[in-house]
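What follows is one structure encoded as C-alpha coordinates, with my remarks underneath.
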Amino acid sequence: MKLALFGTFDVPNYGDCEFPAVVEHFCRERINGPFEMDLYSPFGRPASISEYSSVKAIPGSSGISLGCKYDAISLVGGDTVTAGHNVSGVYCRLSPRELSAGLRCWLYPAIESLRTQVPWILHSVGIRPISEELQPGLIAAFNAAAHAKVRDPHSRNYLKSLGVEVGGVTDIGFGIPSVKSDKEWDAIFSSVRTSGGYPDSYIVVQASRGYIQGQTEEFVNAIVEIGKKTGKPLLFLPLCHHLNDRVTLTRLYAMVRAIYPNCILEKRVLTTNQTAAVLRDSEGYVGTSMHGAITALAFAKPATMLVSQIPGKHDGTLAQAGYHELCTLNPAELLERYELSGQLDLIGKAKQAAEEVGVGFDQLVKVMSDGGSSSGQVDWKKQLIESEIAERDLYPGGLRVQLKRLIFCGLRSHEAVFEAYEYTFGGRRL
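Per my numbering, residue 1 is the first one in the sequence shown, and the count goes up by one each step.
In C-alpha coordinates, the structure reads:
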(Lines of atoms letter the chains of each structure in order from A and count residues from 1; the text may use other names and numbers.)
(Lines give C-alpha, C1' and ligand atoms only; values in the text may rest on other atoms or scores of the structure.)
Protein backbone atom coordinates (compact mmCIF):
# COMPACT_ATOMS: atom_id res chain seq x y z
CA MET A 1 0.00 0.00 0.00
CA LYS A 2 1.29 3.45 -0.92
CA LEU A 3 0.20 6.71 0.73
CA ALA A 4 0.76 10.30 -0.35
CA LEU A 5 0.99 12.39 2.82
CA PHE A 6 0.59 16.16 2.45
CA GLY A 7 1.66 18.73 5.03
CA THR A 8 4.17 21.43 5.94
CA PHE A 9 7.11 19.08 6.40
CA ASP A 10 9.46 21.65 4.90
CA VAL A 11 8.94 24.08 7.79
CA PRO A 12 11.35 23.82 10.77
CA ASN A 13 8.60 23.55 13.34
CA TYR A 14 8.60 20.71 15.87
CA GLY A 15 4.90 19.89 15.51
CA ASP A 16 4.88 19.74 11.70
CA CYS A 17 8.00 17.60 11.56
CA GLU A 18 6.86 14.95 14.05
CA PHE A 19 3.76 13.95 12.05
CA PRO A 20 5.38 11.74 9.36
CA ALA A 21 6.95 9.40 11.92
CA VAL A 22 3.66 9.07 13.81
CA VAL A 23 1.66 8.40 10.64
CA GLU A 24 4.16 5.85 9.36
CA HIS A 25 4.35 4.03 12.70
CA PHE A 26 0.60 3.70 13.21
CA CYS A 27 -0.05 2.76 9.58
CA ARG A 28 2.65 0.08 9.53
CA GLU A 29 1.18 -1.43 12.69
CA ARG A 30 -2.19 -1.79 10.97
CA ILE A 31 -1.36 -2.69 7.38
CA ASN A 32 -0.68 -6.26 6.39
CA GLY A 33 2.03 -6.22 3.78
CA PRO A 34 4.38 -3.57 2.40
CA PHE A 35 3.72 0.09 3.17
CA GLU A 36 5.26 3.09 1.42
CA MET A 37 4.73 6.78 2.09
CA ASP A 38 5.74 9.83 0.06
CA LEU A 39 5.77 13.25 1.71
CA TYR A 40 4.54 16.35 -0.11
CA SER A 41 5.07 19.98 0.96
CA PRO A 42 4.95 23.40 -0.73
CA PHE A 43 8.74 23.81 -1.01
CA GLY A 44 9.51 20.13 -1.53
CA ARG A 45 12.49 19.86 0.81
CA PRO A 46 13.01 18.33 4.27
CA ALA A 47 12.96 20.80 7.15
CA SER A 48 16.32 21.32 8.83
CA ILE A 49 15.15 19.65 12.06
CA SER A 50 13.43 16.69 10.39
CA GLU A 51 14.26 12.99 10.58
CA TYR A 52 13.18 12.24 7.00
CA SER A 53 15.35 12.61 3.91
CA SER A 54 12.91 13.21 1.07
CA VAL A 55 10.00 15.60 0.52
CA LYS A 56 8.39 16.18 -2.87
CA ALA A 57 7.07 19.55 -4.00
CA ILE A 58 3.32 20.10 -4.29
CA PRO A 59 2.55 21.55 -7.73
CA GLY A 60 1.51 25.20 -7.83
CA SER A 61 -1.47 24.45 -10.04
CA SER A 62 -4.24 21.87 -9.76
CA GLY A 63 -3.81 21.21 -13.48
CA ILE A 64 -0.51 19.43 -12.82
CA SER A 65 -0.79 15.81 -11.69
CA LEU A 66 1.60 14.15 -9.24
CA GLY A 67 2.40 11.56 -11.89
CA CYS A 68 2.58 8.76 -9.34
CA LYS A 69 0.04 6.11 -8.40
CA TYR A 70 -1.14 6.03 -4.78
CA ASP A 71 -3.69 3.97 -2.89
CA ALA A 72 -4.74 7.04 -0.88
CA ILE A 73 -3.99 10.75 -0.61
CA SER A 74 -4.07 12.37 2.81
CA LEU A 75 -3.57 15.45 4.93
CA VAL A 76 -2.92 14.35 8.51
CA GLY A 77 -2.22 16.63 11.47
CA GLY A 78 -1.36 20.28 11.86
CA ASP A 79 -2.97 23.68 11.54
CA THR A 80 -2.86 23.10 7.80
CA VAL A 81 -6.31 23.96 6.44
CA THR A 82 -5.58 27.58 5.63
CA ALA A 83 -5.56 29.87 2.60
CA GLY A 84 -3.98 33.02 1.23
CA HIS A 85 -0.46 34.23 0.47
CA ASN A 86 1.53 35.80 3.31
CA VAL A 87 3.98 38.29 1.79
CA SER A 88 6.34 38.13 4.80
CA GLY A 89 5.74 34.57 6.00
CA VAL A 90 7.81 31.43 5.64
CA TYR A 91 6.21 30.68 2.25
CA CYS A 92 6.52 34.23 0.86
CA ARG A 93 8.60 32.96 -2.08
CA LEU A 94 5.64 31.06 -3.53
CA SER A 95 4.33 32.95 -6.54
CA PRO A 96 1.02 34.77 -5.92
CA ARG A 97 0.02 33.59 -9.39
CA GLU A 98 0.04 30.01 -8.08
CA LEU A 99 -1.63 28.17 -5.21
CA SER A 100 -0.77 29.41 -1.72
CA ALA A 101 0.86 27.02 0.73
CA GLY A 102 -2.47 26.43 2.44
CA LEU A 103 -4.34 25.50 -0.73
CA ARG A 104 -1.45 23.30 -1.82
CA CYS A 105 -1.95 21.26 1.35
CA TRP A 106 -5.71 20.65 1.09
CA LEU A 107 -7.24 21.91 -2.17
CA TYR A 108 -4.62 20.39 -4.45
CA PRO A 109 -4.71 16.87 -2.93
CA ALA A 110 -8.51 16.94 -2.92
CA ILE A 111 -8.48 17.59 -6.67
CA GLU A 112 -5.73 15.03 -7.27
CA SER A 113 -7.70 12.35 -5.43
CA LEU A 114 -10.78 13.07 -7.54
CA ARG A 115 -8.66 13.00 -10.69
CA THR A 116 -7.04 9.66 -9.83
CA GLN A 117 -10.10 8.15 -8.10
CA VAL A 118 -8.39 7.21 -4.84
CA PRO A 119 -9.54 7.94 -1.25
CA TRP A 120 -8.99 11.50 -0.03
CA ILE A 121 -8.39 11.58 3.73
CA LEU A 122 -8.39 14.51 6.18
CA HIS A 123 -7.40 13.38 9.67
CA SER A 124 -6.61 15.27 12.89
CA VAL A 125 -6.37 18.61 11.08
CA GLY A 126 -6.92 22.13 12.37
CA ILE A 127 -8.69 24.87 10.42
CA ARG A 128 -8.19 28.61 10.29
CA PRO A 129 -11.18 30.66 9.07
CA ILE A 130 -10.77 31.60 5.42
CA SER A 131 -12.28 34.30 3.23
CA GLU A 132 -15.86 33.92 2.07
CA GLU A 133 -14.79 33.63 -1.58
CA LEU A 134 -12.83 30.44 -0.82
CA GLN A 135 -15.35 28.77 1.46
CA PRO A 136 -17.06 26.81 -1.37
CA GLY A 137 -13.72 25.11 -2.02
CA LEU A 138 -13.27 24.28 1.65
CA ILE A 139 -16.77 22.80 1.80
CA ALA A 140 -16.06 20.78 -1.34
CA ALA A 141 -12.74 19.47 0.03
CA PHE A 142 -14.41 18.08 3.15
CA ASN A 143 -17.45 16.75 1.33
CA ALA A 144 -15.20 15.04 -1.21
CA ALA A 145 -13.28 13.21 1.54
CA ALA A 146 -13.78 9.52 2.17
CA HIS A 147 -12.70 10.22 5.76
CA ALA A 148 -12.64 13.61 7.51
CA LYS A 149 -11.87 14.27 11.19
CA VAL A 150 -10.66 17.45 12.90
CA ARG A 151 -8.58 17.76 16.04
CA ASP A 152 -10.51 20.41 17.98
CA PRO A 153 -14.05 21.75 18.61
CA HIS A 154 -12.99 25.17 17.30
CA SER A 155 -12.42 23.70 13.82
CA ARG A 156 -15.51 21.50 14.03
CA ASN A 157 -17.76 24.44 14.92
CA TYR A 158 -16.33 26.52 12.10
CA LEU A 159 -17.13 23.78 9.59
CA LYS A 160 -20.58 23.39 11.11
CA SER A 161 -21.22 27.09 10.48
CA LEU A 162 -20.54 26.33 6.81
CA GLY A 163 -22.95 23.40 6.81
CA VAL A 164 -20.30 20.67 7.03
CA GLU A 165 -20.59 18.06 9.78
CA VAL A 166 -17.40 16.22 10.75
CA GLY A 167 -16.25 14.28 13.78
CA GLY A 168 -13.44 15.03 16.19
CA VAL A 169 -10.35 12.96 16.85
CA THR A 170 -7.43 13.13 19.28
CA ASP A 171 -4.40 14.96 17.87
CA ILE A 172 -1.93 12.45 16.47
CA GLY A 173 0.86 14.15 18.42
CA PHE A 174 -0.28 12.14 21.45
CA GLY A 175 1.04 9.09 19.60
CA ILE A 176 4.67 10.25 19.62
CA PRO A 177 5.80 7.96 22.51
CA SER A 178 5.01 4.87 20.40
CA VAL A 179 7.34 5.91 17.60
CA LYS A 180 10.37 4.67 19.55
CA SER A 181 10.94 2.09 22.27
CA ASP A 182 11.90 3.28 25.76
CA LYS A 183 15.42 2.04 25.09
CA GLU A 184 15.62 4.05 21.88
CA TRP A 185 14.30 7.21 23.53
CA ASP A 186 16.82 6.76 26.36
CA ALA A 187 19.68 6.46 23.88
CA ILE A 188 18.62 9.58 21.97
CA PHE A 189 18.35 11.60 25.16
CA SER A 190 21.65 10.32 26.52
CA SER A 191 23.55 11.66 23.53
CA VAL A 192 21.80 15.03 23.72
CA ARG A 193 22.30 15.38 27.45
CA THR A 194 25.95 14.35 27.43
CA SER A 195 26.93 16.89 24.80
CA GLY A 196 24.59 19.59 26.11
CA GLY A 197 25.56 19.61 29.77
CA TYR A 198 21.99 19.22 31.00
CA PRO A 199 21.23 19.12 34.74
CA ASP A 200 19.76 15.98 36.31
CA SER A 201 16.26 17.42 36.17
CA TYR A 202 14.74 20.47 34.49
CA ILE A 203 11.54 22.14 33.33
CA VAL A 204 11.41 22.98 29.63
CA VAL A 205 10.59 26.62 28.82
CA GLN A 206 9.68 27.77 25.30
CA ALA A 207 8.04 30.83 23.77
CA SER A 208 7.37 32.28 20.34
CA ARG A 209 7.44 36.06 20.17
CA GLY A 210 3.90 36.57 18.91
CA TYR A 211 2.39 34.99 22.02
CA ILE A 212 4.32 37.04 24.59
CA GLN A 213 4.64 40.35 22.77
CA GLY A 214 3.23 43.10 24.95
CA GLN A 215 3.49 41.00 28.11
CA THR A 216 7.10 39.87 28.06
CA GLU A 217 7.86 41.13 31.57
CA GLU A 218 4.83 39.30 32.94
CA PHE A 219 5.92 36.10 31.18
CA VAL A 220 9.44 36.40 32.59
CA ASN A 221 8.04 36.91 36.10
CA ALA A 222 5.84 33.83 35.68
CA ILE A 223 8.77 31.68 34.55
CA VAL A 224 10.88 32.89 37.47
CA GLU A 225 7.98 32.12 39.82
CA ILE A 226 7.74 28.56 38.49
CA GLY A 227 11.48 28.09 38.86
CA LYS A 228 11.51 29.35 42.44
CA LYS A 229 8.39 27.40 43.45
CA THR A 230 9.63 24.08 42.04
CA GLY A 231 13.31 24.64 42.71
CA LYS A 232 14.06 23.11 39.31
CA PRO A 233 16.51 24.31 36.66
CA LEU A 234 14.88 25.87 33.61
CA LEU A 235 15.89 24.66 30.15
CA PHE A 236 15.10 27.12 27.35
CA LEU A 237 14.38 24.93 24.31
CA PRO A 238 13.47 26.27 20.82
CA LEU A 239 10.62 24.37 19.15
CA CYS A 240 9.17 26.71 16.53
CA HIS A 241 12.30 27.54 14.56
CA HIS A 242 10.31 29.09 11.71
CA LEU A 243 9.04 31.63 14.28
CA ASN A 244 12.63 32.26 15.41
CA ASP A 245 12.30 30.82 18.89
CA ARG A 246 16.10 30.93 19.11
CA VAL A 247 16.01 34.72 18.99
CA THR A 248 13.12 35.04 21.45
CA LEU A 249 14.51 32.51 23.90
CA THR A 250 18.01 34.00 23.85
CA ARG A 251 16.55 37.28 25.08
CA LEU A 252 14.17 35.63 27.56
CA TYR A 253 16.98 33.48 28.94
CA ALA A 254 19.06 36.58 29.67
CA MET A 255 16.12 38.28 31.38
CA VAL A 256 15.21 35.25 33.51
CA ARG A 257 18.81 34.39 34.37
CA ALA A 258 19.34 37.85 35.81
CA ILE A 259 16.72 36.98 38.45
CA TYR A 260 16.86 33.16 38.59
CA PRO A 261 20.37 31.96 37.61
CA ASN A 262 19.46 28.26 37.67
CA CYS A 263 18.76 27.97 33.94
CA ILE A 264 20.34 26.82 30.70
CA LEU A 265 19.84 27.80 27.06
CA GLU A 266 19.86 25.11 24.37
CA LYS A 267 21.85 26.77 21.60
CA ARG A 268 21.97 23.76 19.29
CA VAL A 269 19.35 23.00 16.66
CA LEU A 270 17.95 19.66 17.79
CA THR A 271 16.16 17.23 15.50
CA THR A 272 12.54 16.30 16.06
CA ASN A 273 13.36 13.07 17.89
CA GLN A 274 16.00 14.78 20.01
CA THR A 275 13.48 17.45 20.98
CA ALA A 276 10.89 14.82 21.89
CA ALA A 277 13.47 12.98 23.99
CA VAL A 278 14.32 16.18 25.89
CA LEU A 279 10.62 16.76 26.63
CA ARG A 280 10.21 13.10 27.63
CA ASP A 281 12.95 13.35 30.25
CA SER A 282 11.89 16.72 31.59
CA GLU A 283 9.96 17.51 34.75
CA GLY A 284 7.39 19.40 32.68
CA TYR A 285 6.77 22.05 30.05
CA VAL A 286 5.77 25.74 30.07
CA GLY A 287 5.46 27.59 26.79
CA THR A 288 3.39 28.58 23.78
CA SER A 289 3.88 25.60 21.45
CA MET A 290 0.85 23.32 21.31
CA HIS A 291 2.87 20.28 20.31
CA GLY A 292 5.47 21.04 22.93
CA ALA A 293 2.68 20.71 25.50
CA ILE A 294 1.16 17.70 23.74
CA THR A 295 4.48 15.84 23.72
CA ALA A 296 5.05 16.56 27.41
CA LEU A 297 1.53 15.35 28.27
CA ALA A 298 1.93 12.31 25.99
CA PHE A 299 4.95 11.35 28.09
CA ALA A 300 2.89 11.99 31.26
CA LYS A 301 4.60 15.26 32.23
CA PRO A 302 2.88 18.41 33.55
CA ALA A 303 2.34 21.14 30.97
CA THR A 304 0.74 24.54 30.55
CA MET A 305 0.50 27.03 27.70
CA LEU A 306 0.21 30.78 27.30
CA VAL A 307 -2.12 31.26 24.33
CA SER A 308 -3.59 34.17 22.39
CA GLN A 309 -7.20 32.99 22.16
CA ILE A 310 -9.66 31.01 24.30
CA PRO A 311 -11.59 29.21 22.99
CA GLY A 312 -9.13 28.38 20.24
CA LYS A 313 -6.95 25.68 18.76
CA HIS A 314 -4.71 25.19 21.81
CA ASP A 315 -7.32 24.64 24.52
CA GLY A 316 -9.67 22.94 22.05
CA THR A 317 -7.10 20.37 20.93
CA LEU A 318 -6.22 19.55 24.54
CA ALA A 319 -9.92 19.33 25.46
CA GLN A 320 -10.51 16.88 22.60
CA ALA A 321 -7.88 14.67 24.25
CA GLY A 322 -9.41 15.06 27.71
CA TYR A 323 -7.23 17.84 29.16
CA HIS A 324 -8.92 20.98 30.46
CA GLU A 325 -7.91 24.32 32.02
CA LEU A 326 -4.23 24.00 31.08
CA CYS A 327 -4.18 27.09 28.83
CA THR A 328 -4.32 30.72 29.87
CA LEU A 329 -4.27 34.21 28.36
CA ASN A 330 -2.62 35.59 31.50
CA PRO A 331 1.06 34.84 32.28
CA ALA A 332 0.33 35.30 36.00
CA GLU A 333 -1.81 32.12 35.88
CA LEU A 334 0.90 29.88 34.41
CA LEU A 335 2.12 28.57 37.77
CA GLU A 336 -1.44 27.75 38.85
CA ARG A 337 -2.14 25.90 35.57
CA TYR A 338 1.19 24.08 35.74
CA GLU A 339 0.44 22.89 39.27
CA LEU A 340 -3.06 21.88 38.18
CA SER A 341 -1.66 19.70 35.40
CA GLY A 342 0.64 18.01 37.90
CA GLN A 343 -2.38 16.97 39.97
CA LEU A 344 -3.94 15.04 37.07
CA ASP A 345 -3.66 11.31 36.50
CA LEU A 346 -1.07 12.04 33.84
CA ILE A 347 -0.13 8.41 33.20
CA GLY A 348 -3.74 7.33 32.84
CA LYS A 349 -4.68 10.27 30.62
CA ALA A 350 -1.62 9.80 28.40
CA LYS A 351 -2.47 6.12 27.95
CA GLN A 352 -6.07 6.98 27.06
CA ALA A 353 -5.00 9.65 24.56
CA ALA A 354 -2.58 7.22 22.88
CA GLU A 355 -5.33 4.61 22.62
CA GLU A 356 -7.62 7.18 21.00
CA VAL A 357 -4.90 8.01 18.47
CA GLY A 358 -4.78 4.31 17.65
CA VAL A 359 -8.55 4.16 17.17
CA GLY A 360 -8.32 7.10 14.78
CA PHE A 361 -5.71 5.28 12.71
CA ASP A 362 -7.86 2.13 12.75
CA GLN A 363 -10.50 4.17 10.93
CA LEU A 364 -8.01 5.84 8.61
CA VAL A 365 -6.35 2.59 7.54
CA LYS A 366 -9.72 0.92 6.99
CA VAL A 367 -10.65 3.65 4.51
CA MET A 368 -7.31 3.20 2.77
CA SER A 369 -7.76 -0.56 2.60
CA ASP A 370 -11.38 -0.39 1.44
CA GLY A 371 -10.62 2.20 -1.20
CA GLY A 372 -13.50 4.35 0.02
CA SER A 373 -14.65 7.20 -2.19
CA SER A 374 -16.13 10.61 -1.45
CA SER A 375 -19.62 10.94 -0.02
CA GLY A 376 -22.45 11.63 -2.46
CA GLN A 377 -22.50 11.96 -6.23
CA VAL A 378 -21.67 15.67 -6.51
CA ASP A 379 -18.78 16.71 -8.73
CA TRP A 380 -16.79 18.65 -6.15
CA LYS A 381 -13.93 19.38 -8.54
CA LYS A 382 -15.71 22.40 -10.06
CA GLN A 383 -16.01 24.18 -6.69
CA LEU A 384 -12.40 23.39 -5.86
CA ILE A 385 -11.07 24.81 -9.12
CA GLU A 386 -13.24 27.92 -8.76
CA SER A 387 -11.66 28.54 -5.33
CA GLU A 388 -8.20 28.16 -6.84
CA ILE A 389 -9.05 30.94 -9.29
CA ALA A 390 -10.68 33.07 -6.58
CA GLU A 391 -7.55 32.99 -4.42
CA ARG A 392 -5.49 34.60 -7.18
CA ASP A 393 -8.02 37.42 -7.43
CA LEU A 394 -7.83 38.03 -3.67
CA TYR A 395 -4.08 38.68 -3.63
CA PRO A 396 -3.50 42.37 -2.81
CA GLY A 397 -1.74 44.26 -5.55
CA GLY A 398 0.20 47.48 -5.37
CA LEU A 399 3.85 48.45 -5.27
CA ARG A 400 4.05 48.38 -1.47
CA VAL A 401 2.94 44.74 -1.26
CA GLN A 402 5.29 43.74 -4.08
CA LEU A 403 8.22 45.52 -2.44
CA LYS A 404 7.53 43.93 0.96
CA ARG A 405 7.35 40.49 -0.60
CA LEU A 406 10.60 41.10 -2.50
CA ILE A 407 12.40 42.13 0.69
CA PHE A 408 11.21 39.13 2.68
CA CYS A 409 11.92 36.74 -0.18
CA GLY A 410 15.51 37.92 0.00
CA LEU A 411 15.69 37.72 3.79
CA ARG A 412 14.14 34.27 3.99
CA SER A 413 16.34 32.85 1.24
CA HIS A 414 19.10 32.48 3.83
CA GLU A 415 18.34 31.29 7.37
CA ALA A 416 21.36 33.06 8.83
CA VAL A 417 20.38 36.37 7.23
CA PHE A 418 16.80 36.16 8.44
CA GLU A 419 17.92 35.21 11.95
CA ALA A 420 20.22 38.23 11.99
CA TYR A 421 17.26 40.37 10.93
CA GLU A 422 15.18 38.94 13.77
CA TYR A 423 17.96 39.53 16.30
CA THR A 424 18.18 43.15 15.16
CA PHE A 425 14.50 44.01 14.84
CA GLY A 426 12.45 41.17 16.34
CA GLY A 427 13.86 41.46 19.83
CA ARG A 428 12.80 45.10 20.01
CA ARG A 429 9.17 43.99 19.80
CA LEU A 430 9.37 41.76 22.87
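No residue lacks a Cβ here, since even glycine has one placed at the ideal position from N, Cα and C.
Where the alpha helix (DSSP H) through E141 begins and ends: Looking at the sequence itself, residue 141 is Ala, so the reference to Glu does not match. Residues Q135 to N143.
Residue of D38, L297, I212 and V22 minimising C-alpha distance to L329: I212
Member of H123, Q135 and P302 whose CA lies at the smallest distance from the CA of L364: H123
Stretch-stretch touch, CB-based, cutoff 8 Å, three pairs: the stretch 158-177 with the stretch 249-257: no
Of the residues G360, I223, Y323 and C263, the one placed nearest E333, counting alpha carbons only: I223
Rounded C-alpha distance that separates T216 from I73: 42 Å
Whole-angstrom C-beta distance between P12 and S48, which should lie under 8 Å: 5 Å
Identity of the residue in E132, A110, V179 and P302 nearest L147 by Cα: Before going further, note that residue 147 is His rather than Leu in the sequence given. Nearest of E132, A110, V179 and P302 to H147, Cα basis: A110.
Range of the contiguous beta strand (DSSP E) that encloses E36: E36 to S41
Separation of V87 from V401, as counted between CA atoms: 7 Å
Terminal residues of the beta strand (DSSP E) in which C263 lies: C263 to L265
With 16 other Cβ atoms within 10 Å as the buried cut-off, status of R28: exposed
Cβ pair G84, L406 closer than 8 Å: no
Cβ neighbour criterion (16 or more within 10 Å) applied to K232: buried
Residues that DSSP places opposite I111 in a beta bridge: In DSSP, I111 forms no bridge with anything.
Pairwise C-alpha distance: V23 and L335: 34 Å
Nearest candidate by alpha-carbon position, reference D79, set R93, P96, S54 and W106: W106
Beta-carbon proximity check, V367 vs I121, cutoff 8 Å: yes
Every unbroken beta strand (DSSP E) inside the stretch 260-338 [3 residues or more]: 263-265, 284-287 and 303-306
Classification of R97 by the beta-carbon crowding that lies within 10 angstroms, buried from 16 upward: exposed
Length of the line joining the Cα atoms of G163 and I139: 8 Å
Classification of T424 by the beta-carbon crowding that lies within 10 angstroms, buried from 16 upward: exposed
For I223, three-class secondary structure by DSSP: helix
Nonlocal neighbours in the same chain, by C-beta distance under 6 Å from F418, ignoring five residues either side: L411 and R412
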